[in-house]
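Pasting the structure below:
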């Protein structure tokens, strides 16, 4: 393999940075050269923070959100409405909804959506734990806040079948969000209104 840069260490660093999503080799080189211009202490602090993220961050044992402890701050907050559960695809969606300041219930992070094309089935997601929470906890409403995609709709339908025996109220976020859009890229006002104006799931199915 032909070495592109005057330093093997630089070459290795660029290769590692370019593994990040959306980062090509040119951007990776720019980032590495920027790091070289920083004080050693700042670079060490940067490297240490990345290591701590991978080694020390946990997933909440209840909702599967990221947390520094076994229980995330949202699940541990006694002021949240524990009777309402908002089901989302990923951690970014929790952050997006929290930024709207329009929702005060709890969450359940699935870790993805059902997508046969990508080899993702129900058993790959946190669906069994969701059903268990609804069965065992005093949940009155489950809001399905998944993206308006074919995979999101498929997951909504599957979840409605899995939860049908519980008689819990099922609702979906209002379609103020365009079909195909992901929650994390939706503006806060639109997302907040979609949560507040949620509709019963059966109306969406019909």
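Residue numbers (this note's numbering): 464 to 669.
For each residue, glycine too, the CB sits at the ideal point set by N, CA and C.
- Going by DSSP, residue 571 is part of the beta strand (DSSP E) stretching over 568-572.
- Non-local beta-carbon contacts of residue 533 in its own chain, meaning distances under 7 angstroms to residues more than five positions away in sequence, involve 521 and 524 in chain order.
- The beta carbon of residue 608 sits closer than 6 angstroms to the beta carbons of 549, 551 and 636 from its chain, once the five residues preceding and following it are set aside; these are given in chain order.
- Look at residue 495 here: in three-state DSSP terms it is helix.
- Contact holds between the stretch 618-635 and the stretch 591-607, because three or more Cβ pairs, one in each stretch, are under 8 angstroms apart.
- When C-alpha distances from residue 578 are compared across 588, 571 and 570, the shortest belongs to 588.
- Going by DSSP, residue 634 is part of the beta strand (DSSP E) stretching over 632-635.
- Under a 10 Å Cβ-count criterion, residue 528 is classified as buried, with 16 or more other Cβ atoms of the shown protein chains found around its own Cβ.
- Inter-residue distance for residue 566 and residue 662 is about 15 angstroms (C-alpha atoms, whole angstroms).
- Shown here, residue 594 sits in a helix according to DSSP, grouped into three states.
- Here residue 663 carries a strand assignment [DSSP, helix/strand/coil].
- Between residue 545 and residue 569, the beta carbon gap of about 6 angstroms places them in contact (Cβ cut-off 8 angstroms).
- Between the alpha carbons of residue 582 and residue 487 lies a distance of about 27 angstroms.
- Per DSSP, reduced to three states, the secondary structure at residue 526 is coil, with no helix or strand assignment.
- Assignment of residue 534 by DSSP, reduced to helix, strand and coil, places it in the coil class.
- In the three-state scheme derived from DSSP, where H, G and I count as helix and E and B as strand, residue 541 is classed as coil.
- By the 16-neighbour rule on beta-carbons within 10 angstroms, residue 655 is buried.
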